[in-house]
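Working notes, beginning with the structure itself.
Residue numbers (this note's numbering): 131 to 464.
Have a look at this one:
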């Protein structure tokens with residue numbers, strides 16, 4: 131009896147400590163994002179222009195309803211505007227991490243080194259959308275479609291690319307694991323069939339001039355997106371490792387794995403558009419699940435030290451990519 135009480139006491143203490151750590155982490159990251167303590171980012175001056183009364187008219191149609199609402203609530207004050215986005219984007223993610231993760235500490239580290247800079251420091255509208263999507267994971271495997279679509283609609287209000295979340299539900303409900311093992315391969319085949327697929331997409335898009343003009347406006351020069359870049363190959367390698375033991379995944383991790391598979395498919399399948407913004411936005415929205423999936427996957431192994439080291443090195447590799455290749459922070463890239 132005494133031993134049981136001792137164990138329960140330790141569990142309760144560990145739970146409180148975990149909550150305390152989550153709150154401290156959330157507050158710290160929110161303050162860093164609000165005051166831009168890491169220096170100016172790529173999108174900073176775009177948002178400052180959006181908040182400027184003189185530039186509002188030319189910017190308002192480029193942003194979603196939530197951004198316009200936050201602008202009114204903040205009364206054009208940049209600190210309040212960034213605080214609102216940080217509070218939602220980071221707060222929702224921390225809640226999702228706490229709910230979905232089996233190793234909160236590793237998830238927090240992986241997030242801080244990678245997607246925090248990308249989504250919640252720079253692409254703040256996407257940051258809120260991905261936070262909402264993470265809260266949809268339990269709704270997917272539990273089949274709670276009404277709650278899922280309600281949250282997905284909220285994500286669309288923050289970033290229009292979250293429309294892919296609205297379309298993803300029936301795909302993510304597919305039970306076949308083989309389907310998701312083959313999905314990235316299908317995307318790669320579509321990417322390799324660039325010319326015919328590109329012609330077909332342009333023909334279909336030309337039926338609606340708005341879709342056609344959208345694609346044209348997002349296009350870059352041919353070859354701007356690499357099918358087999360080192361960064362993308364690393365994700366394929368990660369997917370391959372997890373695929374080996376996908377039969378062991380529980381419902382939450384299997385759902386995360388499905389999202390990862392669909393993300394890779396979207397990346398490769400949209401390459402024929404030669405529209406980098408569309409390709410990256412659609413795939414990144416679902417790719418956020420790797421922040422939880424990778425640490426959770428390590429939990430299925432007994433000897434984890436080498437895997438912890440591998441995740442640590444890979445996180446630093448991603449950080450280097452974001453800072454010196456993507457150049458998210460002007461203070462680092464200049």
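Glycine residues also receive a C-beta, built at the ideal position from the N, C-alpha and C atoms. Nothing here was measured: the structure is a model prediction, and the numbers come from that model.
Leaving aside the five residues before and after residue 427 along the sequence, list all residues of the same chain whose C-beta is less than 6 Å from its C-beta, in chain order.
Along the chain shown, one-based indexing puts residue 427 at 297. Closer than 6 Å at the Cβ level, and outside the excluded window around residue 427, lie 372.
Using alpha carbons as the reference points, say which of 150, 213 and 148 lies closest to residue 166.
One-based indexing of the chain shown puts residue 166 at position 36. Ranking the options by Cα distance to residue 166, first place goes to 213.
Output needed for residue 218: all residues of its chain with C-beta closer than 7 Å, excluding positions within five of it in sequence on either side, in chain order.
The residue you call residue 218 lines up with position 88 of the chain shown. Result list for residue 218: 258 and 261, in chain order.
For the segment 448-459 against the segment 158-173, do three or more pairs of beta-carbon atoms, one drawn from each stretch, fall closer than 8 Å, so that the two count as touching?
Touching, yes, given that three or more Cβ pairs across the two stretches are closer than 8 Å.
Apart from the five residues on each side of it in sequence, which residues of its chain come closer than 7 Å, Cβ to Cβ, to residue 290?
For the purposes of this step, residue 290 is taken as residue 160 along the chain shown, with counting starting at 1. Cβ within range, chain order: 194.
Could you tell me how far apart the beta carbons of residue 215 and residue 270 are, in whole angstroms, since I believe they sit closer than 8 Å?
Reading the chain shown from its first residue, position 85 is the one you call residue 215. Reading the chain shown from its first residue, position 140 is the one you call residue 270. No, residue 215 and residue 270 are not in contact; Cβ-Cβ is about 25 Å, not under 8 Å.
Just tell me which of 389, 197 and 318 has its CA closest to the CA of residue 359.
For the purposes of this step, residue 359 is taken as the residue at position 229 of the chain shown. Of the candidates 389, 197 and 318, the one whose C-alpha sits nearest the C-alpha of residue 359 is 318.
Rank 440, 205, 454 and 267 by C-alpha distance to the C-alpha of residue 381 and give the top, closest one.
Against the chain shown, residue 381 aligns to sequence position 251. The option with the nearest alpha carbon to residue 381 is 267.
For residue 269, which of helix, strand or coil comes out of DSSP?
On the chain shown, residue 269 is found 139 positions in, with the first residue counted as 1. Residue state, collapsed to three classes: helix.
Is residue 240 closer than 8 Å to residue 425 when the C-beta atoms are compared?
The residue labelled residue 425 in the question sits at position 295 within the chain shown. The residue labelled residue 240 in the question sits at position 110 within the chain shown. Yes, Cβ-Cβ distance for residue 425 and residue 240 is below 8 Å.
How far does the alpha helix (DSSP H) with residue 476 in it extend, from its first residue to its last?
Only positions 131 to 464 of the chain appear in the structure, and residue 476 is not among them; the question remains open.
Using the Cα positions of residue 247 and residue 159, report the straight-line distance between them to the nearest angstrom.
If you number the chain shown from 1, residue 247 lands on position 117. If you number the chain shown from 1, residue 159 lands on position 29. Residue 247 and residue 159: Cα-Cα distance of roughly 10 Å.
Can you give me the C-alpha to C-alpha distance between residue 136 and residue 234, rounded to a whole angstrom?
Within the chain shown, the letter at position 6 stands for residue 136. Within the chain shown, the letter at position 104 stands for residue 234. Because residue 136 sits at a pLDDT of 47, beneath the cut-off of 50, its placement in the model cannot be relied upon, and the point is left open.
State the Cα-Cα distance for the pair residue 441 and residue 276, rounded to the nearest angstrom.
The residue given as residue 441 occupies position 311 in the chain shown. The residue given as residue 276 occupies position 146 in the chain shown. About 36 Å.
Is residue 149 helix, strand or coil by DSSP?
Looking up residue 149 in the chain shown gives position 19. Residue 149: helix per DSSP, three-state reduction.
Can you confirm whether the segment 280-297 touches the segment 403-417 when touching is taken to mean that 3 or more C-beta pairs between the two stretches lie within less than 8 Å?
Touching, yes.
Distance check for residue 148 and residue 223, CA to CA, integer angstroms please.
Position 93 of the chain shown, counted from the start, is the residue given in the question as residue 223. Position 18 of the chain shown, counted from the start, is the residue given in the question as residue 148. Each residue's alpha carbon lies about 15 Å from the other.
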